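Q:
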Amino acid sequence: MTIVTSYWDESQNGFVVTAFANVLVPKATCTATATKGTAHAQITTDATPGATTTDCGTMLFPDGVLSTGQWTITVSFESADYSGVSGKTTGIVP
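Letter by letter, the sequence shown follows residues 31 to 124 of the numbering used here.
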């Protein structure tokens, strides 16, 4: 599981996370988890198979879901045959 980007996007008015899994499966889900202290939020999306990987697409935490400050981000992947969790990354919400 690899997080590609995690950043605040003014044009989408929210915090964006993109990721992919290094396996190719026809059906899977991805869950982005943001944690700051005891607060946490999750977004789950359907993954899309690509040529050689499975793409989590754009996972968007809308404005107001995450408070201002630094958040720790992870993404988990779940399919019938595979599961995994990315390493941690951080993102800043203005």
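All C-beta atoms, glycine included, are put in the ideal place defined by N, C-alpha and C.
Keep in mind it's a predicted model, so treat the numbers as computed, not measured.
In the DSSP assignment, find the beta strand (DSSP E) that holds Pro56 and state where it starts and stops.
A: Neither: Pro56 is in no beta strand (DSSP E) and is coded neither H nor E.
Q: Leaving out five residues before and five after Thr88 in sequence, what residues of the same chain have Cβ atoms less than 7 Å from its Cβ?
A: Val46 and Thr48
Q: Taking Trp38 and Ile122 to be in contact with their CB atoms under 8 Å, please state how far apart those CB atoms are, rounded to whole angstroms.
A: 7 Å
Q: Just checking my contact of Leu54 with Thr78 at CB under 8 Å: how many whole Å lie between their CB atoms?
A: Going by Cβ atoms, the distance from Leu54 to Thr78 rounds to 11 Å, so no, they are not a contact pair.
Q: For Ala69 and Ser116, what's the separation of their Cα atoms in angstroms?
A: 19 Å
Q: Kindly identify the DSSP beta-bridge partner or partners of Pro79.
A: Pro79 pairs with Thr84.
Q: DSSP state of Val95, grouped into three classes?
A: coil
Q: From the DSSP output, in three-state form, read off Tyr37 for me.
A: strand
Q: In this structure, how does DSSP classify Thr68 when only helix, strand and coil are distinguished?
A: coil
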